[in-house]
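A quick write-up on the structure given underneath.
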Amino acid sequence: MARTLTLLPKSIASYSLFRTRNLLPLIGVRFLSSPAKHTLYSYFPLTLPRGPPPAGLFDIDLKALKREYLQAQAKTHPDRALSFHAESQANGNNSAYSTFKENLEQLSAELNKAYQTLISPLSRAEYILSLNGIDTAQEGSKLSDPVFLGEIMEVHEAIEEAQNEEDVELLRSENISRVNETTLLLEKAINMADWNNAKDLVVKLRYWINISNVLKDWEPGMDIGI
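Those letters in the sequence shown? Residues 1 to 226, by the numbering used here.
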């Protein structure tokens with residue numbers, strides 16, 4: 001079975017943030033005077049008070065982030081809209097309910113998008129680079145490092161030549177090490193605002209993660225293309 005690695009994700013450089021700014025205090029977010037200062041980090045002021053690197057750090061306390069995310073999502077629960085609806089009816093303002101409900105749903109969607117982006121080191125790095133004017137989707141189409149490309153080819157050949165689950169398990173372990181090592185290098189580059197190096201490491205990390213996905217679905221005799 002042929003399997004081609006997907007190298008270019010959809011661009012995540014632009015987000016329509018804070019279209020529901022009037023509801024932000026509901027989840028404990030203070031809207032600053034300039035919308036340009038807001039990022040996906042702004043949705044989680046307790047866990048990520050310093051914002052994205054280089055002001056903040058690349059590494060994130062994922063347990064704390066999940067806790068703050070769940071607490072914020074609980075505050076956008078549909079029951080909030082029902083309570084608001086009752087108050088609106090009592091005040092004779094029925095039209096406000098529909099707007100409030102839509103904004104609440106939008107805020108929940110924005111929270112989810114922010115959380116899903118930040119929990120993954122790869123998508124987090126892509127987003128941070130986008131804040132600094134680097135579109136990694138475009139950069140990902142070019143790899144000029146011959147040593148790295150040679151390593152990729154060797155890994156592909158090893159996967160195609162694997163005979164059994166034991167062979168594949170060894171390849172999985174080796175690739176987990178590559179993912180971890182590249183992530184650490186990426187973290188260091190981003191914390192130092194070394195954007196050019198970080199850009200190259202994002203492309204490499206994307207390759208290794210794609211290989212992890214292929215190994216997860218391995219079948220005897222599968223063919224892998226670049």
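We put the CB at the ideal spot given by N, CA and C, even for glycine.
* From which residue to which residue does the alpha helix (DSSP H) around Gln163 run? -> No alpha helix (DSSP H) holds Gln163; DSSP gives it neither H nor E.
* Asked: Which class does Phe100 belong to by DSSP, given the choice of helix, strand or coil?
  -> helix
* Report, in whole angstroms, the separation of the C-beta atoms of Asp61 and Glu187, which I expect to be a contact under 8 Å. => With 8 Å as the limit, Asp61 and Glu187 do not qualify as a contact, their Cβ atoms being about 14 Å apart.
* Would the beta-carbon of Tyr41 fall within 9 Å of that of Ala114? -> yes
* According to the Cβ coordinates, are Leu143 and Ile159 closer than 9 Å? -> no
* To do: Keeping to the same chain, check which residues put their C-beta closer than 8 Å to that of Leu264; ignore five residues upstream and five downstream.
  => Within the shown structure, residues of the chain are numbered from 1 to 226, placing residue 264 beyond reach of any answer.
* **Three-way DSSP call (helix, strand, coil) for Leu46 in this model** => coil
* Asked: How is Lys75 classed by DSSP in three states: helix, strand or coil?
  -> coil
* To do: Please work out which residues of its chain come closer than 7 Å, Cβ to Cβ, to Thr183, disregarding the five sequence neighbours upstream and downstream, and give them in chain order.
  => Pro121 and Leu205
* Evaluate Glu68 with the Cβ neighbour count: other Cβ atoms within 10 Å of its Cβ, from every protein chain shown; 16 or more gives buried, anything less gives exposed. => buried
* Asked: Taking just the CA atoms, how far does Glu161 sit from Phe148?
  -> 20 Å
* For Asp200, the first and last residue of its enclosing alpha helix (DSSP H) -> Trp195 to Lys216
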